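Notes follow once the structure below has been shown.
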Amino acid sequence: MKTQGKTKKVGRNSACPCGSGKKYKNCCMSQEPKVLTVKEAYKNQYDIILKEPHQIEGIRKSGELLISMMDKVEAMIRPGITTNEINTLVEEETRRAGAIAAPLNYRGFPKSVCVSVNEVICHGIPGDRVLYDGDIVNVDITPILDGYYADANKTFFVGKPTADGQKIVNVALECLRLSIDTVGPGSHLGDIGHAIQTYAEAQGCSVVREFVGHGVGIDFHEQPQVLHFGRKNRGVELVPGMVFTIEPMINLGARDLHILDDNWTAVTNDGSLSAQFEQTIVVTDTGWESLTPY
Ligand code: MF3
Ligand code: CO
Ligand code: CO
């Protein structure tokens, strides 16, 4: 008795085994259950592009350029400079590296970098605003290098920090660190938001809800949205190859905001300080890695 054998695979264009006389592809092929790869399933269900190793490498290179620019920005920050001078540095360094500044002309954004001072939450447009001793200033850089996007930001002290400045910057940075530490295969997007919200609110601060982290790498803003508030075990399950930003915006006062007449600058309604930190994170087989480490 024969106990083993090869099942012959029916070709798309061969006669359907059901005997209909039609081609298999025009008949029973559509009835066969198709086993999707994780990559196909995440694309179909969530529109999330899981990255291949060579793509992660490309984003890492872009991230290295980003961090080299961030370090140069840090070195130039002192009382008396204008936010425009930061834009000029980012513009020149981006060109020197043969990269493109993603913010420039993005949905009409007029400059190469976002620079957000004190009560500005995000999307500050570089201009003639002068930095004063005691200010806090966030610089958000997004280069496109060889087609790959990396996105990160940091909040700096200008001169000697005030107690309020110190507090909000420390809380925002700790929110990013605690939330990154939740990342790994099997954890959920909601774990990230939960870590941020729990810590920020325990410190008497508030979490901005109108802006979110995002998938990144092949495009500036990809799926998924990464909320900075939420509940444990909710939302999409993380799998290796996911690349996204976490970028909590934390206010010293209330979370309410408005957008200025330039249609970009987001500011706190109560005028309180706001700080933000952002990194581009890849989910690995064992946890996470930052592609924009600092
Ligand atoms: N870099 C910002 C982010 O973290 C987006 C800035 S959009 C711009 O997603 F047009 F203002 F640059
Ligand atoms: Co971002
Ligand atoms: Co950014």
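Under this note's numbering, the first residue of the sequence shown is numbered 772, with each subsequent residue one higher.
Heads up, the beta-carbon is just placed ideally off N, CA and C, and yes, glycines get one too.
Computed from a predicted model, the values in this text were never measured in an experiment.
Here the C-alpha atom of PRO914 lies approximately 44 Å from the C-alpha atom of SER801. In this structure, VAL940 places its C-beta atom within 8 Å of the C-beta atom of PHE928. Looking from the CA of ARG948, the closest CA among ARG783, ALA966, ALA1037 belongs to ALA966. With fewer than 16 other CB atoms across the displayed protein chains lying within 10 angstroms of its CB, GLN937 is exposed. The C-beta of HIS825 has fewer than 16 other C-beta atoms within 10 Å across all chains shown, which makes the residue exposed.
ALA873 places its beta carbon 8 Å or farther from that of PHE982.
Going by C-alpha positions, ASP899 is about 35 Å away from VAL1014. Ligand 1 has a heavy atom closer than 7 Å to the beta-carbon of ASP922. Its Cα nearest to that of TYR970, the residue SER950 stands out among GLY961, ARG831, SER950. Considering only LEU916, VAL884, PRO850, the residue with the shortest C-alpha distance to GLY869 is LEU916. Taking TYR817 as the centre and dropping the five residues before and after it, the same chain places the C-beta of GLN994, PRO995, VAL1007 closer than 7 Å to its C-beta, in chain order. Assignment of ILE838 by DSSP, reduced to helix, strand and coil, places it in the helix class. Between the segment 950 to 965 and the segment 780 to 793 there are fewer than three C-beta pairs closer than 8 Å, too few to call the two in contact.
Here VAL942 is near ILE1021, since their CB atoms are less than 8 Å apart.
With a contact defined as Cβ atoms closer than 8 Å, VAL888 and LEU902 qualify at about 7 Å.
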